[in-house]
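**Student:** I have a structure here, written as structure tokens, and I will follow up with some questions on it.
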Amino acid sequence: MTETSAPPSAKRRVVILSGMSGAGKFTALKVFEDLGYEAVDNLRLSLVPALIDDANISARHLAVAVDTRNVNFTVADLLRALHLLTSRPELQVSLLFLDCSDDALQQRFTETRRRHPLAHDRPVTDGIRSEREVLRALKNEADQVIDTSELSVRDLRRIIAGYYRFDHALGLTLFITSFSYRHGVPREADLVFDARFLANPHWEASLRPLSGREDEVAAYVRRDPDYAVFIEHLTHLLLPLLPRYQQEGKSYLTIAVGCTGGRHRSVTVVEDLANVFAVNGYVVGIGHRDLDRGGKG
């Protein structure tokens with residue numbers, strides 16, 4: 002694990018991690034640990050100040066999971082503790098809430114045969130419902146909410162690293178992904194654009210098995226008379242906004258572009274947008290969420 006201290010001129014980061022049981026808090030803590038944070042799971046609220054002031058880790062950034070597994074947990078107590086920590090000028094405190102759909106949570110508990118901490122002798126669905134009600138106010142106060150319902154472990158790592166890495170000298174990092182509307186809008190997306198108005202290569206038999214990353218499909222999509230105008234307008238819309246996001250403290254922005262099947266049109270748009278932003282000096286990551294699922298363009 003990398004030993005990373007807070008620079009003398011920077012505030013020490015304290016991330017309080019909470020959220021729904023089964024939403025991925027254990028995985029998230031491992032990501033924070035890999036990023037160089039001191040990561041602590043299931044700590045009693047009363048012990049958080051002592052941990053922060055521990056001389057052995059006083060220079061380390063912290064990520065602490067506090068949730069309903071603790072028998073003394075209450076949202077009111079956690080919010081009071083956050084308020085006290087936020088008042089300390091040497092700390093940069095944030096609340097990260099991991100959420101997940103009820104169906105996905107139920108499936109995860111069923112597959113792992115784990116007991117839900119609030120279910121006791123009742124069905125898992127009752128525990129999920131109770132916990133969601135208990136945590137509703139906490140979610141509303143979170144600085145960042147990540148919905149893990151359809152995220153792979155790799156995606157969760159990417160998103161957490163994007164928001165909570167130490168080195169912000171690179172400025173705003175962009176992640177641009179294509180997706181299929183059939184499979185839903187990516188829950189982690191900050192901005193969403195629709196490319197379904199463009200001519201669809203799916204209806205060309207020779208192009209159907211290919212993807213928007215291949216020259217033949219990309220050329221077909223770009224020949225649409227509205228394509229160049231679309232890219233130009235998106236560029237003129239987004240480029241002036243990106244510095245403003247950064248000024249507001251955002252270090253990571255996810256832009257999603259969708260089409261019907263997530264295979265042709267949106268893929269080409271994402272590839273071209275990524276090139277535009279890279280030329281303008283931004284660090285850009287590319288994803289194609291539904292590329293291998295098949296579908297109409």
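For the sequence shown, the numbering used here gives the first residue as 2, with consecutive numbering after it.
Think of the CB as a built atom: it goes at the ideal place given N, C-alpha and C, for glycine as much as any other residue.
(1) Taking the continuous alpha helix (DSSP H) assigned at G128, which residues delimit it?
(2) Taking the runs of the alpha helix (DSSP H) that are 4 residues or longer, which of them lie wholly in the segment 154-228?
(3) Pull up the CB-CB distance for L46 and V67, whole angstroms please, since I reckon it's below 8 Å.
(4) Using three-state DSSP, classify T269 as helix, strand or coil.
(5) Check each candidate in V154, C260, I177 and name the one with the smallest Cα separation from V284.
(6) With a CB to CB cut of under 6 Å and the five nearest residues on each side skipped, what residues in its chain are close to T269?
(7) For S303, which of A105, L243, L235, R114 has the nearest alpha-carbon?
(8) Mark N201 as exposed unless 16 or more other C-beta atoms lie within 10 angstroms of its C-beta, in which case mark it buried.
(9) Quick one, which of R14, L136, L274, A120 has its alpha-carbon nearest A330's?
(10) Cα separation between S10 and H62?
(11) Give every residue of the same chain whose Cβ lies closer than 6 Å to the Cβ of V258, excluding the five residues on either side of it in the sequence, and list them in chain order.
(12) From the DSSP secondary-structure annotation, give me the bridge partner or partners of D100.
(13) Using the C-alpha atoms, what's the distance from H121 back to G286?
(14) Please report how far the alpha carbon of E189 lies from the alpha carbon of V146, in whole angstroms.
(15) Roughly how many angstroms separate the alpha carbons of L157 and E39, rounded to a whole number?
(16) On the criterion of 16 or more Cβ atoms from any shown chain inside 10 Å, does F110 qualify as buried, or is it exposed?
(17) Looking at the structure shown, is M2 part of a helix, part of a strand, or coil, going by DSSP?
(18) Compare the beta carbon distance of V65 and V41 with 8 Å and say whether it is the shorter of the two.
(19) Using the C-alpha atoms, what's the distance from A143 back to A24?
(20) Below 8 Å on the Cβ atoms is my contact criterion, and I expect Y165 with L86 to pass it. Report the Cβ-Cβ distance as a whole number of Å.
(21) Quick check on V186: buried or exposed, where buried means 16 or more other Cβ atoms within 10 Å of its Cβ?
**Tutor:** Taking the coordinates as given:
(1) In the sequence shown, the residue the question calls residue 128 occupies position 127. Note, G128: alpha helix (DSSP H), 125-142.
(2) 154-165, 216-223
(3) Looking up residue 46 in the sequence shown gives position 45. Looking up residue 67 in the sequence shown gives position 66. Between V67 and L46 the Cβ distance is about 6 Å, and since that is below 8 Å, they are a contact.
(4) Here residue 269 is taken as the residue at index 268 of the sequence shown, counted from 1. Helix, per DSSP.
(5) As a working mapping, residue 284 is identified with position 283 in the sequence shown. Closest option to V284, Cα to Cα, is I177.
(6) Numbered from its first residue, the sequence shown carries residue 269 at position 268. Once the five neighbours on either side are set aside, the close Cβ partners of T269 are G213, A219, V222.
(7) Limits of the chain in this structure are 2 at one end and 298 at the other, which puts residue 303 out of reach.
(8) Here the question's residue 201 lines up with position 200 in the sequence shown. With 16 or more Cβ atoms within 10 Å of its Cβ, N201 is classed as buried.
(9) No answer is possible for residue 330: the residues shown for the chain start at 2 and end at 298.
(10) Counted from its first residue, the sequence shown places residue 10 at position 9. Counted from its first residue, the sequence shown places residue 62 at position 61. Because S10 carries a pLDDT of 45, less than 50, the predicted location of this residue cannot be relied on, and the following value inherits that uncertainty. Spanning the two alpha carbons is a distance of roughly 14 Å.
(11) By one-based count along the sequence shown, residue 258 stands at place 257. Taken in chain order, the residues that qualify are S179, F194, A196, S267, V270, V271.
(12) Here the question's residue 100 lines up with position 99 in the sequence shown. According to DSSP, D100 bridges with D148.
(13) Counting from one through the sequence shown, the residue named residue 286 turns up at place 285. Counting from one through the sequence shown, the residue named residue 121 turns up at place 120. Going from the Cα of G286 to the Cα of H121 covers about 43 Å.
(14) Taking the first residue of the sequence shown as 1, we reach residue 189 at position 188. Taking the first residue of the sequence shown as 1, we reach residue 146 at position 145. Each residue's Cα considered, the two are about 9 Å apart.
(15) Residue numbering aside, residue 157 sits at position 156 when the sequence shown is read from its first letter. Residue numbering aside, residue 39 sits at position 38 when the sequence shown is read from its first letter. One C-alpha to the other measures close to 19 Å.
(16) Start at 1 with the first residue of the sequence shown, and residue 110 comes out as number 109. Classification of F110: buried, given that the 10 Å Cβ count is 16 or more.
(17) Taking the first residue of the sequence shown as 1, we reach residue 2 at position 1. Model confidence at M2 stands at a pLDDT of 39, short of 50, so the residue's coordinates are unreliable; what they give is reported in the following sentence. Three-state result, M2: coil.
(18) Along the sequence shown, one-based indexing puts residue 65 at 64. Along the sequence shown, one-based indexing puts residue 41 at 40. Cβ distance < 8 Å, so V65 and V41 count as in contact.
(19) Reading the sequence shown from its first residue, position 23 is the one you call residue 24. Reading the sequence shown from its first residue, position 142 is the one you call residue 143. Whole-angstrom Cα-Cα distance: 15 Å.
(20) Position 164 of the sequence shown, counting from 1, holds the residue named residue 165. Position 85 of the sequence shown, counting from 1, holds the residue named residue 86. No, Y165 and L86 are not in contact; Cβ-Cβ is about 16 Å, not under 8 Å.
(21) Within the sequence shown, the letter at position 185 stands for residue 186. V186 should be labelled exposed.
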